[in-house]
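Colleague: Would you mind keeping the following structure in view while I ask a few things?
This is how it looks when you write it as structure tokens:
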């Protein structure tokens, strides 16, 4: 979710009127759909937090679809000053899956890699193994496989270790 601060006013050099005094609004970008011109939204969607941008639109185009932003007669352009106030970064897709689902996917890609390796398609196999490992890396813990040697286990209650 992103919040922008939008200020619009007629371009300098054109006569101003009380009807076109600068206006400021702060809104969530997705809630602006249909309320502000699409070009302004496209600009806002590419901005980083704290970034400022200026968009300038021709009045004739603006008045057709967005009469609320239509300037006084005789003014050709309207300037939009945008400031990205806040931006919540989307979560990584890795957060979507539960740990057991990640392990299932990792195993699936490992098996696909094994099949491709046996068929002699080494480059394809390597990509599948890499994908499997990427799922394992995002588990937040070291995986334990059934065929793993005892010396590599994570258990801390091994004999002979003192405290």
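Residue numbers (my numbering): 11 to 173.
Each residue gets a CB set at the ideal place from its N, CA and C atoms; glycine is no exception.
Alpha carbon to alpha carbon, what distance is there between residue 122 and residue 140?
Modeller: In the chain shown, the residue the question calls residue 140 occupies position 130. In the chain shown, the residue the question calls residue 122 occupies position 112. Looking at the two C-alpha atoms, the distance is approximately 11 angstroms.
Colleague: Please check the pair residue 69 and residue 53, which I expect to be a contact at CB under 8 angstroms, by giving their CB distance rounded to whole angstroms.
Modeller: What you label residue 69 is simply residue 59 of the chain shown in a count that begins at 1. What you label residue 53 is simply residue 43 of the chain shown in a count that begins at 1. The pair is not a contact, with the Cβ atoms about 18 angstroms apart (cut-off 8 angstroms).
Colleague: Using only alpha-carbon positions, find the residue among 113, 130, 110 and 95 that is nearest to residue 55.
Modeller: Translated into positions along the chain shown, residue 55 becomes position 45. Selected option, being the one with the closest Cα: 95.
Colleague: Suppose the cutoff is 7 angstroms on Cβ atoms and the five residues either side in sequence are ignored; what does the same chain contact list for residue 109 look like?
Modeller: Locating residue 109 in the chain shown gives position 99, counting from the first residue. Excluding sequence neighbours, residue 109 sits near 149.
Colleague: Tell me the rounded alpha-carbon separation between residue 115 and residue 144.
Modeller: If you number the chain shown from 1, residue 115 lands on position 105. If you number the chain shown from 1, residue 144 lands on position 134. Going from the Cα of residue 115 to the Cα of residue 144 covers about 10 angstroms.
Colleague: Considering only C-alpha positions, which residue in the set 92, 47, 125 and 127 is nearest to residue 79?
Modeller: Walking along the chain shown from the start, residue 79 turns up at place 69. Checked all of 92, 47, 125 and 127; the closest Cα to residue 79 is 47.
Colleague: How would you write the range of the alpha helix (DSSP H) that residue 122 sits in, first residue to last?
Modeller: Reading the chain shown from its first residue, position 112 is the one you call residue 122. Start and end: 109 to 128.
Colleague: Can you tell me the Cα-Cα spacing of residue 61 and residue 91, whole angstroms?
Modeller: The count along the chain shown starts at 1 and reaches residue 61 at position 51. The count along the chain shown starts at 1 and reaches residue 91 at position 81. Their backbone Cα atoms lie some 11 angstroms apart in a straight line.
Colleague: Within the continuous beta strand (DSSP E) that includes residue 65, where are the two ends?
Modeller: Here residue 65 refers to the residue found at position 55 of the chain shown. Taken as a continuous stretch (DSSP letters only), the beta strand (DSSP E) holding residue 65 covers 62 to 68.
Colleague: Would DSSP call residue 131 helix, strand or coil?
Modeller: Counting from 1 along the chain shown, the entry for residue 131 is found at position 121. Looking at residue 131 - three-state DSSP - the assignment turns out to be coil, as it is neither helix nor strand.
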